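This report concerns only the one structure given below.
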Amino acid sequence: QQQQQQQQQHNHGLQICSAMISRYCDILQLLLEIGTRENEAVWVIRIMGELSAVLCAPGGSVLARELCKEHRRRAEEVCKQHEPSSPAVVKEMANYLLQLKGSGRLQAMLDLMSDVHTVAGDVRGEEQGTTVAFKFVTERSAPPLTLLVVARVESDLSQCEWALSELRTLGSLFKRMAAAAEEEDHGAEEHGDSSSSSSSTHRYDEVSSTVAKLERNTVVRLTSLTSILHEIVLCSLASSAAEAVLRMLVHAYRVFGSCVKILIALKRVPSEDFQRLAEHICKDLTPGLYPFLHYLNDMSAASGASKAKIKREKTLIPNLVYQVEMFERQIIKFSKSSKIDLARHLKRSTARDFRINANTLEDLIDRDEDDEGKKKGGKRNGKRSKAEAEEDEEEEEDGEDAEEEDEEEEEEEDK
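Position in the sequence shown (from 1) plus 7 gives the number in our numbering.
Dropping the structure here:
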């Protein structure tokens, strides 16, 4: 009875919190329709965010998840119907929408970046549509919204790193339990005791189920993040967001490589979810990186970026290429160990560090040959002039000797 009373009180508190969020949402809609009360709108959104953090706390009840889902749906409606002029209001609205926990949050991030892609343009020069789902996404609001999504993706990648570390620990425990279970089964067969083997098998099954569930949740989450990353690298971003995006991509490929490496160490068989993740990365995300990097180089040269910024980007780009190479190396290794062709979508059609221009190379070789020819000709001319000088000196010496002999002959005749 005490537990039931506590549960009822908890549900009553959730309902009160949900009712307060609904009331503040009505106030927000009125403020957005007025259009001149921007500061009040910002504070209302922040209060809604604090209440939603309580309502959508991790590990909540079924009622809390249902209420959070309902408020996310209403928040999306508000964001799609209104176009506030204040950048601060736009940022707070997007932050509130992405703050609501649940499976719809990643989809909201994907929809938001799809609108940014439509507004900002494509790095490959392809034409995009003109309609957006969220009205507050404009050319002015695109850069801060991109940075907001990048920060959320970084947070999700860090959580995936933590999940992978837990998977490594549980996987090691699973392997030890599997070895111990085999020894116990062998001993039980010899002594005819089946009670101990059944208990160890039960623990073994529990750990196995936990490992499989954690692996699936992590891989599915990484797949959703890969779709968001793909939209980001296709956007013609402003220079202010370029460095943050590069750091995020380095982080993402480091997590991808760690995921493959852990699965290899645990001797896991690639699941359908993981095969889908590998295909999405190799077929969509990685080929989209190189037009994005070319766009960043052209943008830095055209905008006259500072030397410090160019230096940072030149450090990040080789690091990104290195992480991509390490991920693809792990994919090939996983393909060989699992006998499943995970590397069939890998493409090496782009030179990732440099490209040799044949015409330029021929011109440089011809120029070097001409320079060497001139140097050799100069040396020959130098040798010829030196020989002539020596001949002149010898002639002068011979003339002096002849004059001395004539003088001596005249002195003898006088004597």
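Glycine included, each C-beta is placed from N, C-alpha and C at the ideal position.
Since this is a predicted model, take the numbers as computed values, not measurements.
Checklist entry - What alpha helix (DSSP H) runs, 4 residues minimum, are completely inside the stretch 229-277? => result Listed in chain order, the alpha helix (DSSP H) runs fully inside the stretch 229-277 are 246-272, counting runs of at least 4 residues.
Checklist entry - Is any heavy atom in the ligand NAD found nearer than 6 Å to the beta carbon of L171? => result Within the structure as shown, the ligand NAD is missing, as the structure has no ligands at all.
Next on the checklist: Distance check for T293 and A251, CA to CA, integer angstroms please.
Outcome noted: Each residue's Cα considered, the two are about 18 Å apart.
Checklist entry - Just reading off the alpha helix (DSSP H) that L353 is part of, what are its end residues? => result For L353, no alpha helix (DSSP H) run applies, since DSSP gives it neither H nor E.
Checklist entry - Distance, Cα to Cα, C266 vs Q9? => result Cα to Cα, the separation comes out at about 44 Å.
Item to check | Assumed close pair L232, L164 - CB separation to whole angstroms, cut-off 8 Å | outcome: A Cβ-Cβ distance of about 7 Å is found for the pair L232 and L164, placing them in contact under the 8 Å criterion.
Next on the checklist: Distance check for I239 and E161, CA to CA, integer angstroms please.
Outcome noted: Answer to the nearest angstrom: the Cα atoms are 13 Å apart.
Next on the checklist: Report the start-end ranges of each alpha helix (DSSP H) in the stretch 13-101 that is 4 residues or longer and not cut off at the edges.
Outcome noted: The alpha helix (DSSP H) runs lying completely inside the stretch 13-101 and spanning 4 residues or more are 45-62 and 69-88, given in chain order.
Next on the checklist: Taking the beta carbon of V144 as the centre, do at least 16 other beta carbons fall within 10 Å, making it buried, or is it exposed?
Outcome noted: By the 10 Å Cβ count, V144 comes out buried.
Item to check | Span separating the alpha-carbon of H78 from that of E40 | outcome: Pairing H78 with E40, the inter-Cα distance amounts to about 20 Å.
Checklist entry - The alpha helix (DSSP H) with A285 in it runs from where to where? => result E279 to H287 is the span of the alpha helix (DSSP H), which, as asked, contains A285.
Item to check | When S216, I288 and E146 are compared against C242, the one with the closest alpha-carbon | outcome: For the residues S216, I288 and E146, the minimum Cα distance to C242 belongs to E146.
Item to check | Close-in-space but distant-in-sequence residues of the same chain around S93 (CB under 6 Å, 5 per side omitted) | outcome: Contacts found: E45.
Item to check | Reduced DSSP category for D348 - H, G, I as helix; E, B as strand; rest coil | outcome: Here D348 sits in coil by DSSP.
Item to check | C-beta atoms of I235 and L117 nearer than 7 Å | outcome: Yes, Cβ-Cβ distance for I235 and L117 is below 7 Å.
Item to check | T125 versus Q114, T137 and A115, residue with shortest Cα-Cα distance | outcome: Checking every option, the nearest Cα to that of T125 belongs to T137.
Item to check | CA-to-CA distance, P298 to M306, given in whole angstroms | outcome: Going from the Cα of M306 to the Cα of P298 covers about 12 Å.
Checklist entry - From V226 to R159, what does the alpha carbon distance come to, in whole angstroms? => result Pairing V226 with R159, the inter-Cα distance amounts to about 18 Å.
Next on the checklist: In whole angstroms, give me the CA-to-CA distance for A82 and K343.
Outcome noted: The straight-line gap from Cα to Cα measures roughly 47 Å.
Checklist entry - If you draw a straight line from the C-alpha of L14 to the C-alpha of M100, how long is it? => result Looking at the sequence itself, residue 14 is Gln, so the reference to Leu does not match. Each residue's alpha carbon lies about 32 Å from the other.
Next on the checklist: Within a Cβ cutoff of 7 Å, which residues of the same chain sit near C24, ignoring the five residues on either side of it in sequence?
Outcome noted: Annotation for C24: L58, V61 and L62 place their beta carbon closer than 7 Å to its own, counting only its chain and skipping 5 residues before and after.
Checklist entry - Roughly how many angstroms lie between the CA atoms of L174 and I338, to the nearest whole one? => result Between the alpha carbons of L174 and I338 lies a distance of about 19 Å.
Checklist entry - Given G264, which residues of its chain have a CB within under 6 Å of its CB, disregarding the five upstream and five downstream residues? => result Same-chain partners within the cutoff: M333, F334 and Q337.
Checklist entry - Quick one: Cα of I477 to Cα of V51, how far? => result What is shown of the chain runs 8 to 422, which leaves residue 477 out entirely.
Item to check | Best match in L284, G20, S148 and V69 for proximity to N224 [C-alpha to C-alpha] | outcome: Checked all of L284, G20, S148 and V69; the closest Cα to N224 is L284.
Checklist entry - Can you give the Cα-Cα distance for I54 and D122, rounded to whole angstroms? => result Pairing I54 with D122, the inter-Cα distance amounts to about 27 Å.
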